[in-house]
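Participant: Residue numbers (our numbering): 5 to 292. Virtual Cβ for every residue (Gly too), placed ideally from N, Cα, C. Because the structure is a prediction, the values reported are computed rather than measured.
1. Can you have a look at residue 285 and say buried or exposed, based on whether 16 or more other CB atoms are within 10 angstroms of its CB?
2. By DSSP's criteria, residue 289 is part of a beta bridge. Which residues make up the other side?
3. Which of the three DSSP states is assigned to residue 205 in this structure?
4. In the structure shown, what three-state DSSP assignment does residue 262 receive?
5. For the stretch 36-52 against the stretch 236-243, do three or more pairs of beta-carbon atoms, one drawn from each stretch, fall closer than 8 Å, so that the two count as touching?
6. Per DSSP, which residues does residue 9 bridge with? Please list them.
7. Rounded to the nearest angstrom, what separates residue 114 and residue 126 at their Cα positions?
8. Say whether the stretch 83-90 touches the stretch 46-57, bearing in mind that this needs 3 or more beta-carbon pairs closer than 8 Å, one atom from each stretch.
9. In terms of residue numbering, what span does the beta strand (DSSP E) encompassing residue 26 cover?
10. How should residue 104 be labelled, buried or exposed, when 16 other C-beta atoms within 10 angstroms of its C-beta is the threshold for buried?
11. Of the residues 148, 100, 98 and 227, which one's Cα is nearest the Cα of residue 175?
12. Would you mind reading off the limits of the alpha helix (DSSP H) that contains residue 92?
13. On the DSSP letters alone, give me the boundaries of the alpha helix (DSSP H) that residue 135 sits inside.
14. Find the nearest neighbour of residue 191 within the set 214, 171 and 172, judged by alpha-carbon distance.
15. Just checking my contact of residue 203 with residue 171 at CB under 8 Å: how many whole Å lie between their CB atoms?
16. With respect to the beta strand (DSSP E) encompassing residue 181, which residues constitute its N-terminal and C-terminal limits?
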């Protein structure tokens, strides 16, 4: 079975306008996506705020995106930088216990990964997983490694499989971002099948096939009919997270109308649930 969610930046929950829009929305399930500055007291404050909103029925935390960026170099060959990332993550996981969330997304590395450092970086990310695993198991959560684009670790299905190989499936899963495998959009359905027993969450968006774009489904080259068929073959529960909201822009000095993001998600859900018929009708349309 699959359910839908919407990725939101951590700061949105601090907006009264966002909270009002979420309270009225049909889709309240979110991935709480945190930036590199969310650590220490700020992590505790935001997690507690999100927990209160969840208790009030304003939102439902379906997944938490562990911060990435400076201070979160999970695969660094530099032992001190990698230790900093592990320590920050343990702190962050502890702060998020109040959310009672089972899924945590982890970026494998920072970019770029230079060719001469790739082997050491692969060793580094596996060490990081090993060091986080006792806490992950104690919390009863799934640490979901995300496939990433360009020079990042896990930029092919084979390399992502190598990273997670041997770790317990119940605690080390996959967050499958469908627009991160560059120049191989045709492989997405078979790659979903490849990781079927590991996938806990998806990041859903479309792209041009060359590099990540985070467009709405239907705007790019992904065969969504084939993707949804592969999703429906997965036996365990999975979460389909629309990771497009942060890429919608308005002109400076204009406030976001958060209800637009929720309405867009509803349209995306309709599209994905009916994509086989919609694809057929689009292919058959007569243009005057």
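Facilitator: The structure says:
1. Taking the chain shown and counting its residues from 1, one reaches residue 285 at position 281. Exposed is the call here.
2. Looking up residue 289 in the chain shown gives position 285. Looking at the DSSP assignment, residue 289 forms no beta bridge with any residue, so it has no partner.
3. Residue mapping note: residue 205 aligns to position 201 of the chain shown, counting from 1. Strand, per DSSP.
4. Taking the first residue of the chain shown as 1, we reach residue 262 at position 258. Coil at residue 262, not helix or strand.
5. These segments do not touch.
6. For the purposes of this step, residue 9 is identified with residue 5 of the chain shown, where counting begins at 1. In the DSSP output, where bridge partners are listed per residue, residue 9 has 245.
7. Taking the chain shown and counting its residues from 1, one reaches residue 114 at position 110. Taking the chain shown and counting its residues from 1, one reaches residue 126 at position 122. Each residue's Cα considered, the two are about 12 Å apart.
8. Here the stretch 83-90 does not lie against the stretch 46-57, with fewer than 3 beta-carbon pairs under 8 Å apart.
9. Mapped onto the chain shown, residue 26 falls at position 22. Following the DSSP letters along the chain, one finds residue 26 in no beta strand (DSSP E) but inside the alpha helix (DSSP H) bounded by residues 20-28.
10. By 1-based counting over the chain shown, the position of residue 104 is 100. Flag for residue 104 reads exposed.
11. Walking along the chain shown from the start, residue 175 turns up at place 171. For the residues 148, 100, 98 and 227, the minimum Cα distance to residue 175 belongs to 148.
12. Locating residue 92 in the chain shown gives position 88, counting from the first residue. 83-99 is the extent of the alpha helix (DSSP H) around residue 92.
13. Residue numbering aside, residue 135 sits at position 131 when the chain shown is read from its first letter. Taken as a continuous stretch (DSSP letters only), the alpha helix (DSSP H) holding residue 135 covers 122-143.
14. To locate residue 191, count along the chain shown from 1; it is residue 187. Closest option to residue 191, Cα to Cα, is 214.
15. Along the chain shown, read from residue 1 onward, the residue named residue 203 stands at position 199. Along the chain shown, read from residue 1 onward, the residue named residue 171 stands at position 167. Contact doesn't hold; Cβ gap of about 14 Å is too wide.
16. Mapped onto the chain shown, residue 181 falls at position 177. 176-181 is the extent of the beta strand (DSSP E) around residue 181.
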